[in-house]
């Protein structure tokens, strides 16, 4: 599988199918890293656990996995908020061990803060 075909498991779209193939958000851009990771989790399959720059340089996802609200109709380009959500039947059910390790090391600060805040809130039952 390469940038010539869609990396979503069970999707058969290739470059010659007249369906746009979109590049992943740039993992080197701090503004895009969280969305990049969301795409990985939503898509699953063979890209899970691969190097971020390898995915960015070598993997594509086709137009068929995005809602119309994220697509500019005149250019068929994706908006900066686009996240794949359609036709993702091949998504893995559990995270492989290698991804658990990577996500624990690279968890976005906003998720860490949210977890810390929630874990310090007393439950209603403890009153």
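Residue numbers (the UniProt record's numbering): 1 to 127. Idealized CB from N, CA, C, for every residue including glycine.
Item                                                                                                                                                                   : Value
Provide the residue span of the beta strand (DSSP E) that contains residue 53, from first to last.                                                                     : Segment 52-58 is the alpha helix (DSSP H) holding residue 53; no beta strand (DSSP E) there.
When you compare only the Cα positions, how much space is there between residue 37 and residue 10?                                                                     : 20 angstroms
Can you tell me where the alpha helix (DSSP H) with residue 35 in it begins and where it stops?                                                                        : 33-43
So, under 8 angstroms CB-CB, residue 175 and residue 22 are touching, yes? Tell me the CB distance rounded to an integer number of Å.                                  : With the chain running from 1 to 127 in the structure shown, residue 175 is simply not present.
Going along the chain, which residues of its own chain have a beta-carbon closer than 6 angstroms to the beta-carbon of residue 83, five neighbours each way excluded? : 38
So, helix, strand or coil for residue 86, using DSSP?                                                                                                                  : coil
Could you tell me the alpha carbon to alpha carbon distance between residue 13 and residue 27, rounded to whole angstroms?                                             : 24 angstroms
Just the Cα atoms here: how many angstroms apart are residue 58 and residue 31?                                                                                        : 21 angstroms
Going straight from the alpha carbon of residue 56 to that of residue 16, what length do you get?                                                                      : 20 angstroms
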